[in-house]
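J.: Residue numbers (my numbering): 70 to 538. Where is the CB? At the ideal position from N, CA and C, for every residue including glycine. Below: one structure in structure tokens.
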């Protein structure tokens, strides 16, 4: 687009009066002096030349008031920012060519300009510019934590390695090239390509974030990074970072620094939000269990880390299990319904779960079809587990995970199964009807003895009926 040719630069007062009397349409422009003293640098892109990135400077009499009398963004933003005493202007890279115009206006008004920082363009995975009009989502409705979203936004284009150095956390900091393909992972790095050093609390961001460390390159959004940060933020807020945090003691100390709320206070707030989400589900309307906040808290504790039952013995165990780690509160809401209503064994997910249990895993031979064999084995396992669990429930005041593990070990040995997981898969199907979720002992302890036994018996009746047919 060519610049204004200056045709009205030298109009006389008589010319202006005549045009106004004739009701000619007009705009008000800034008269470019043509000579530009040194201008303040952009905090990210440095020195910006007026009018053109290449070639000689050009006169640019840009519009201040449009023909309808309304101000342009150039005038309105400068006046507005000055009136509000703005000290820093952060905006998109696409406004970088306008910086000389705005600095000239500040100079013309004899106002001190704020500091400017033009942020790099954010693009989608396909390289297209991120747009609020296409593919927009509500992170709040999906249950993302505000702290995680803030953390994620701060990392967009930010060289946080320099920030870590300022926090004196420089032992084993990865280079940008290190990642899941590295031969040796740094102590704090994870196989999914993320790092605990990506996590910052709000006080840490305030003390270490520096605009001068923002990259000039385009920034690609990463859903996996947001999910990772949200997942770990959930755990940190409730004091459940656990084994993951122990991979880097320095990282653990860093993450625990600057928390404003205690884990107990944070957990109460999160569980209350989860309860509100559960109430909105039609299938759980008027559920007494949903109204029991203590029970909802137990469900939250159990669901915070889910895993896949189907791939426990696979070489892909780590990556497959990783897919089922809870990242967002809405996932707990969606995936935990079976804690509140009995499973339907006839739905496709439940039937597929049983059918995908390979008969050779159980170490039993059968001349029948694969499907029938699976049901026969399920019957044998459930017939063995139910009496054991019922007997222990009469003795113990409350079932704990250790009791369930002990029963599973006993049944594995009694039925001469090659692995305890064979028992656990059958129990998981009867208790929840789905292949993923918390560990089976955790499900039993949350449901309690009565509900667990009722479901195991219902699951037994179902697999028996399939064998008979």
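Would you report the Cα separation of residue 362 and residue 356, rounded to the nearest angstrom?
T.: Position 293 of the chain shown holds residue 362. Position 287 of the chain shown holds residue 356. Each residue's alpha carbon lies about 12 angstroms from the other.
J.: Count the other CB atoms within 10 Å of the CB of residue 182; is the residue buried (16 or more) or exposed (fewer)?
T.: Mapped onto the chain shown, residue 182 falls at position 113. With 16 or more other Cβ atoms within 10 Å, it is buried.
J.: Alpha carbons only, please: which of 134, 470, 399 and 423 is nearest the one belonging to residue 528?
T.: Here residue 528 corresponds to residue number 459 of the chain shown, with the count starting at 1. Comparing Cα positions, the closest option is 423.
J.: For residue 533, does the three-state DSSP call read helix, strand or coil?
T.: Translated into positions along the chain shown, residue 533 becomes position 464. In the structure shown, residue 533 sits in a helix (DSSP, three-state: H, G or I).
J.: With a cut-off of 8 angstroms, do at least 3 Cβ pairs link the stretch 161 to 173 to the stretch 106 to 116?
T.: yes
J.: Tell me, which residues are paired with residue 289 by DSSP?
T.: To locate residue 289, count along the chain shown from 1; it is residue 220. For residue 289, which the question treats as bridged, DSSP gives the partners 192.
J.: What number of angstroms, rounded off, separates the C-alpha of residue 132 from the C-alpha of residue 187?
T.: Counted from its first residue, the chain shown places residue 132 at position 63. Counted from its first residue, the chain shown places residue 187 at position 118. Roughly 22 angstroms between the two C-alpha positions.
J.: With the cut-off set at 8 angstroms, would you say residue 470 and residue 510 are in Cβ contact?
T.: By 1-based counting over the chain shown, the position of residue 470 is 401. By 1-based counting over the chain shown, the position of residue 510 is 441. Yes; because the gap between Cβ atoms is below 8 angstroms, this pair is in contact.
J.: Pull up the distance between the alpha-carbon of residue 331 and that of residue 306, whole angstroms please.
T.: Position 262 of the chain shown holds residue 331. Position 237 of the chain shown holds residue 306. Answer to the nearest angstrom: the Cα atoms are 8 angstroms apart.
J.: List in chain order: all unbroken alpha helix (DSSP H) runs of 4+ residues lying wholly within the stretch 438 to 483.
T.: Those alpha helix (DSSP H) runs which fall completely within the stretch 438 to 483 and span 4+ residues are 439 to 464 and 470 to 483.
J.: Can you tell me where the alpha helix (DSSP H) with residue 224 in it begins and where it stops?
T.: In the chain shown, the residue the question calls residue 224 occupies position 155. Counted as a single uninterrupted DSSP element, the alpha helix (DSSP H) harbouring residue 224 occupies residues 215 to 224.
J.: To which residues of the same chain is residue 216 closer than 8 angstroms at the C-beta, ignoring the five residues directly before and after it?
T.: Here residue 216 refers to the residue found at position 147 when the chain shown is read from its first residue. Cβ-Cβ distances below 8 angstroms link residue 216 to 270, 271, 302 and 306 in the same chain, with the five nearest sequence neighbours on each side left out; the list follows chain order.
J.: When the Cα of residue 516 is compared with those of 411, 416, 402 and 445, which residue comes out closest?
T.: Numbered from its first residue, the chain shown carries residue 516 at position 447. Looking at the Cα atoms, 411 is the closest of the given residues.
J.: How would you label residue 531, buried or exposed, when you count the other beta carbons within 10 angstroms and need 16 or more for buried?
T.: Taking the first residue of the chain shown as position 1, residue 531 is located at position 462. Classification of residue 531: buried, given that the 10 Å Cβ count is 16 or more.
J.: What residues match up with residue 140 in a beta bridge as DSSP calls it?
T.: Within the chain shown, numbered from 1, the residue matching residue 140 stands at position 71. According to DSSP, residue 140 bridges with 134.
J.: Tell me which same chain residues have a C-beta within less than 7 angstroms of the C-beta of residue 459, skipping the five on either side of it?
T.: On the chain shown, position 390 is the one that residue 459 refers to. The residues are 522.
J.: Using 8 angstroms as the cut-off, can you tell me whether the stretch 284 to 302 makes contact with the stretch 217 to 229, which would need three or more C-beta pairs spanning the two stretches below that distance?
T.: yes
J.: Roughly how many angstroms separate the alpha carbons of residue 198 and residue 289, rounded to a whole number?
T.: Locating residue 198 in the chain shown gives position 129, where the first residue counts as 1. Locating residue 289 in the chain shown gives position 220, where the first residue counts as 1. Cα-Cα distance, rounded: 9 angstroms.
J.: Once DSSP output is grouped into helix, strand and coil, what is the label at residue 151?
T.: One-based indexing of the chain shown puts residue 151 at position 82. Residue state, collapsed to three classes: helix.
J.: Suppose the cutoff is 7 angstroms on Cβ atoms and the five residues either side in sequence are ignored; what does the same chain contact list for residue 546 look like?
T.: As shown, the chain starts at 70 and ends at 538. That puts residue 546 outside it, with no answer to give.
J.: Could you name the residues of the same chain whose beta carbon sits closer than 6 angstroms to that of residue 110, not counting the 5 residues immediately before and after it, in chain order?
T.: Your numbering for residue 110 matches position 41 in the chain shown. If we look at residue 110 and ignore the five residues flanking it on each side, its Cβ neighbours are 116.
J.: Would you kindly report the start and end of the unbroken alpha helix (DSSP H) that includes residue 498?
T.: If you number the chain shown from 1, residue 498 lands on position 429. Its alpha helix (DSSP H) spans residues 490 to 501.
J.: If you run the structure through DSSP and keep just helix, strand and coil, what is residue 100?
T.: Walking along the chain shown from the start, residue 100 turns up at place 31. Here residue 100 sits in coil by DSSP.
J.: Hey, how far is the Cα of residue 403 from the Cα of residue 207?
T.: Numbered from 1 along the chain shown, position 334 holds the residue referred to as residue 403. Numbered from 1 along the chain shown, position 138 holds the residue referred to as residue 207. The straight-line gap separating the alpha-carbon atoms of residue 403 and residue 207 is approximately 16 angstroms.
J.: If we ignore side chains and look at the alpha-carbon of each, how far apart do residue 396 and residue 191 end up?
T.: Residue 396 sits at position 327 when you count from the first residue of the chain shown. Residue 191 sits at position 122 when you count from the first residue of the chain shown. Between residue 396 and residue 191, the C-alpha separation is close to 23 angstroms.
J.: Less than 8 angstroms between the C-beta atoms of residue 92 and residue 189, yes or no?
T.: By one-based count along the chain shown, residue 92 stands at place 23. By one-based count along the chain shown, residue 189 stands at place 120. Result no, Cβ atoms of residue 92 and residue 189 do not sit closer than 8 angstroms.
J.: So what's residue 264 in DSSP terms, helix, strand or just coil?
T.: Counting from 1 along the chain shown, the entry for residue 264 is found at position 195. Looking at residue 264 - three-state DSSP - the assignment turns out to be strand.
J.: Can you name the start and end residues of the beta strand (DSSP E) that residue 159 belongs to?
T.: The residue labelled residue 159 in the question sits at position 90 within the chain shown. Here the beta strand (DSSP E) through residue 159 covers 157 to 161.
J.: Work out the CA separation of residue 172 and residue 108 for me, nearest whole Å.
T.: Start at 1 with the first residue of the chain shown, and residue 108 comes out as number 39. Start at 1 with the first residue of the chain shown, and residue 172 comes out as number 103. The straight-line gap separating the alpha-carbon atoms of residue 108 and residue 172 is approximately 7 angstroms.
J.: Work out the CA separation of residue 340 and residue 347 for me, nearest whole Å.
T.: For the purposes of this step, residue 347 is identified with residue 278 of the chain shown, where counting begins at 1. For the purposes of this step, residue 340 is identified with residue 271 of the chain shown, where counting begins at 1. Between residue 347 and residue 340, the C-alpha separation is close to 10 angstroms.
J.: Please report the straight-line C-alpha distance between residue 105 and residue 160, rounded to a whole angstrom.
T.: Here residue 105 is taken as the residue at index 36 of the chain shown, counted from 1. Here residue 160 is taken as the residue at index 91 of the chain shown, counted from 1. Rounded to whole angstroms, residue 105 to residue 160 spans 23 angstroms at the Cα level.
J.: What do you get for residue 227, buried or exposed, if any count of 16 or more other CB atoms within 10 angstroms of its CB means buried?
T.: Within the chain shown, numbered from 1, the residue matching residue 227 stands at position 158. It is buried - the Cβ of residue 227 has at least 16 other Cβ atoms within 10 Å.
J.: For the alpha helix (DSSP H) holding residue 397, just list the boundary residues, first then last.
T.: Position 328 of the chain shown holds residue 397. No alpha helix (DSSP H) holds residue 397; DSSP gives it neither H nor E.
J.: Smallest Cα separation from residue 369: which of 94, 309 and 449?
T.: Residue numbering aside, residue 369 sits at position 300 when the chain shown is read from its first letter. For residue 369, the nearest C-alpha among the options comes from 309.
J.: What's the gap between the Cα of residue 333 and the Cα of residue 366?
T.: What you label residue 333 is simply residue 264 of the chain shown in a count that begins at 1. What you label residue 366 is simply residue 297 of the chain shown in a count that begins at 1. It is roughly 11 angstroms from the alpha-carbon of residue 333 to the alpha-carbon of residue 366.
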